[in-house]
Amino acid sequence: MSSSITENDAPNPGAMSAHGESALDLLSQLAHGGWGAEFSRFIEHLPAGVVVHYGDGRVAHANALAAALLGLTKDELLSASAHDGRWDFVNCEGFQMPEQQYPALQSLALRTDLRDLVVGVRAPSGTLLKWLICNTLLTTNNEGAPVMVCVSFTDCTELKTTQNALRESEERLRLILLGTNDAPWDWDLTSNQIYYSERWWTMIGRLPGELPPDPELWSRLLHPDDRSATDRAYRNALKDGSTYEVEFRLQHKDGHYVPVLSRGFVLRDVHGKAVRVSGTNSDLTERKKSEERIHQLAYFDQLTSLPNRRQLVEHFQSVLSRSARTGQLGAILFLDVDNFKDLNDTLGHDVGDAMLCQFGERLRHALRETDHLARFGGDEFVVLLQDLGTVPFDAAGEIEGIAAKLLAAAGKKFFLPGVEYLVTTSIGVAIFGPDANQADVLLKQADLAMYSAKAAGRGMLRFFDPAMQRAVEERSALEARLRDAIGGKQFTLYCQPQFDADLTLTGGEMLLRWQHPERGLVGPGDFIPLAETSGLIMPIGAWVLEEACRRVAAWRDDPILGRLCYSVNISAQQLHHPDFVQQTLAALQGADLPPGRICLELTESLLAQNVEDVIGKMHTLRHHGVCFSIDDFGTGYSSLNYLRRLPLYALKIDQSFVQDEQSEAIVEVIIALGKKLDLHVIAEGVETQAQLDGLAGKGCQAYQGYLLGKPMPLAAFHDKYRGR
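For the record, in the sequence shown the residue sitting at position 587 is 587 according to full-length UniProt numbering, with numbers rising by one throughout.
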């Protein structure tokens, strides 16, 4: 009824109907039976409360449901008025009305229908219910004033609660998707309609609907290489799966491909047939970039961008496995830049880094595409060669050819910031065959061969020989024994006498010996080089100096031995140590040794580095009575300017000049230089009378050698030369 009578065709109270009845007569019939009884029965069956009001607000008619919803009996309702104020209505769902005003009065006041109003009704229990109300003006008078209004209302509390819950759920889902930056999509398989969210389009640089939004759009944008795996994943999911997850790439509007992770859920009907697929697409661009950065950091050198040690070792293992299957020979080349430390120390690490970058680039261009180049660390690079055939001789020839290219490339001038620089490179090679299975062993062999190349003169190639390995093992065993010797008191001092031209004893040189438990007495030439390279020279050198001071101090009361000066050899590591001066003075003071009784012997090579530091230390110790001499003079490099500034006491002519008749001119020059600089000159290695006579004839002042006296234990030296 309320939907069939509108404001335009509602009868006026005084107007005549088609049956000659006025609207007032119709209302009377509605209220007093007759045709109105049919209307009453009709509205009683409606699932909504219906109340018809006169224009003054009085109730003209109502059904039982309306009375029940309003909490009244039907008689109470029929005698009520919209102005009674007995109903507690509140604003709800955006509908604004005067507080507690019955909604029917709104239509009467505004003279208009009101549709789909949701108002709050306070139930007797205090619960706020929600009603959906529609007001329809049934009739108006000649002045247009409403004469009758029909109000229908239903309890929509549960519906609104459900709607609000749904709205909150949708909002929650929207915020979650915004937070995850995922792109939802939905595919109705029954209608073959697909929905792509706005984020889905944004992910590929498109506006929503810019391309035909059909199910085949994915396929058109899919990277060709991903098509097979993606189709297979979808088919498997539609066939018998409930969820799926697959990665692929979709083409962006600008042409590049966006990496995507697609996850979906397959909805099935009661028969198990797939009817709907819904899911999200996640942009993997940043994750892929992060993975690439992590991979780059893990497997590539950050300075040269070459593969690093970790990648090399992993690749090496796969090459060894392949060699075992194919029988092909391979090789590992260990390359080291000669004297790279000097470049870093003199020109700085920035220049050194620039040189390493150029070095790596040159090596890369000199190799074949199948060769693997890596920076092993520092100035060390490694080249891995494979498929060198099955004949070792032929493989060695091919390796030599590749190495020659590498040496030539590395030997060209480097144009570094502010300087042009030339370097040489030493290369060690270890060849491996099908039976090799340990990459670390082969790397050690190539490294050992590289050091052999350096020892042979640098800038060359050396192949690993098993003899090298034996030497390394012997060296390792010797180093272990040497460490035991330091704590086991296996060292002892010998002394070799020194004489003047009249063959009068003037001093002695303290010499270290190792009383090896198995090999017996071992000379310094067999273990001092190892001690220097292993770092053991520091504790050994400290012991020698302290023991020499202690033993010389014990001879202080001897009329002969107590007035002599005894020389002690000092290593480079000792001299360049920051605490060398303090350690030396502590040894002298600890033994209560008088000044001038100890002379420290230095080799010329010690003056090649940090000269100013060395000169300062020498002057400090000279001030405390310590003497200095240059040992093996003439075999190294000495600047005359530095010799003039050094607080030296003596020069020792190296025995190679003393024992070589062709070196007489050199001996004469050294003796003359010593006299010119007011230095004591000692010749060592004097073994024959002819050598002694020749040196004496040239004006040499002192002598040391087997002809005059061999090194002997300190006790024997004391017994032989002490004052009687």
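Beta carbons are placed, not taken as given, at the ideal position from N, Cα and C, and that holds for glycine. The structure presented is a predicted model; accordingly, all values stated were derived computationally and were not measured.
| Item | Value |
| --- | --- |
| Which parts of the segment 540-611 are runs of the beta strand (DSSP E), unbroken and 3 residues or longer, counting only runs that do not cross its ends? | 565-569 and 598-603 |
| Of all the options Lys698, His45, Leu356 and Leu384, which has the alpha carbon lying nearest to the alpha carbon of Ser323? | Leu384 |
| In terms of residue numbering, what span does the alpha helix (DSSP H) encompassing Arg325 cover? | Arg309 to Thr326 |
| Kindly list the residues whose CB is nearer than 6 angstroms to the CB of Leu26, restricted to its own chain and excluding five residues on each side of it in sequence; keep chain order. | In this prediction, Leu26 has a pLDDT of 45, which is less than 50 and means its spatial position is unreliable; nothing more can be read from the coordinates. |
| From what residue to what residue does the beta strand (DSSP E) around Ser197 run? | Ser197 -> no beta strand (DSSP E), and no H or E assigned at all. |
| DSSP puts Lys652 in a beta bridge; with which residues? | Ile682 |
| On the CB-based measure, 16 or more other CB atoms within 10 Å of its CB, does Asp182 come out buried or exposed? | buried |
| Check whether the segment 485-494 touches the segment 511-522, taking contact to mean three or more Cβ pairs, one atom from each stretch, closer than 8 angstroms. | yes |
| Can you list, in chain order, the residues of its chain with a C-beta nearer than 8 angstroms to that of Asp73? Leave out the 5 residues immediately preceding and following it. | According to the sequence shown, residue 73 is Thr rather than Asp. If we look at Thr73 and ignore the five residues flanking it on each side, its Cβ neighbours are Ala67. |
| Does the beta-carbon of Val669 have 16 or more other beta-carbons within 10 angstroms, so that it is buried, or is it exposed? | exposed |
| Taking the runs of the beta strand (DSSP E) that are 3 residues or longer, which of them lie wholly in the UniProt domain "PAS" (169-241)? | 183-188 and 193-196 |
| Just verifying my parser: in three-state terms, what is the DSSP assignment at Pro711? | coil |
| Give the C-beta separation of Gly705 and Gly685 to the nearest angstrom, bearing in mind that I take them to be a contact with Cβ-Cβ under 8 angstroms. | 5 angstroms |
| Residues in the same chain with beta-carbon distance under 6 angstroms from Arg268, minus the five sequence neighbours each way, listed in chain order, please. | Ala274 |
| Assuming Leu114 and Asn135 form a contact by the criterion Cβ under 8 angstroms, report the distance between their Cβ atoms to the nearest whole angstrom. | 4 angstroms |
| Along the alpha helix (DSSP H) that carries Val669, what are the first and last residues, could you check? | Glu664 to Lys676 |
| Going along the chain, which residues of its own chain have a beta-carbon closer than 6 angstroms to the beta-carbon of Leu651, five neighbours each way excluded? | Ile630, Phe633, Gly674, Leu679 and Val681 |
| Could you have a look at Val626 and say whether DSSP puts it in helix, strand or coil? | coil |
| Figure out for me which residue from Pro466, Thr190, Met450 and Cys565 has the closest Cα to the Cα of Gln496. | Cys565 |
| Candidates Val429, Leu329 and Ser656: which alpha carbon is nearest Asn437's? | Leu329 |
| Report the three-state DSSP secondary structure of Asn142 (helix, strand or coil). | coil |
| Leu132 and Ala162 - do their beta-carbons sit closer together than 8 angstroms? | The identity of residue 162 in the sequence shown is Thr, whereas the question assumes Ala. No; because the gap between Cβ atoms is not below 8 angstroms, this pair is not in contact. |
| According to DSSP, Asn164 sits in a beta bridge with which residue or residues? | Paired residues: none, contrary to the question. |
| Which value, in whole angstroms, describes the spacing of the CA atoms of His718 and Val423? | 53 angstroms |
| In three-state terms, what does DSSP make of Asp435? | coil |
| Quick test of the definition: if touching needs 3 or more C-beta pairs under 8 angstroms, does the segment 382-397 touch the segment 330-338? | yes |
| Where are the beta strand (DSSP E) runs, 3 residues long or more, that stay fully inside the UniProt domain "GGDEF" (328-466), in chain order? | 330-337, 372-377, 380-385, 414-416, 419-421, 425-432 and 461-463 |
| Does the beta-carbon of Gly397 have 16 or more other beta-carbons within 10 angstroms, so that it is buried, or is it exposed? | exposed |
| For the candidate residues Ile402, Leu178, Leu312 and Arg172, whose alpha-carbon lies nearest to that of Arg368? | Ile402 |
| Are the Cβ atoms of Arg287 and Tyr299 separated by less than 8 angstroms? | no |
| Flag this pair as yes or no: are the beta carbons of Val568 and Leu545 separated by less than 8 angstroms? | yes |
| Could you give the DSSP three-state label for Asp283: helix, strand or coil? | strand |
| Leaving aside the five residues before and after Gly562 along the sequence, list all residues of the same chain whose C-beta is less than 7 angstroms from its C-beta, in chain order. | Trp555 and Arg556 |
| Could you pull out every residue in the same chain whose Cβ sits closer than 6 angstroms to the Cβ of Glu380, ignoring the five residues on either side in sequence? | Asp336 |
| Taking 8 angstroms as the cut-off, decide whether the C-beta atoms of Thr230 and Gly264 are in contact. | no |
| Can you give me the Cβ contacts of Leu493 inside the same chain, cut-off strictly under 6 angstroms, excluding the 5 residues immediately before and after it? | Met510, Glu547 and Leu714 |
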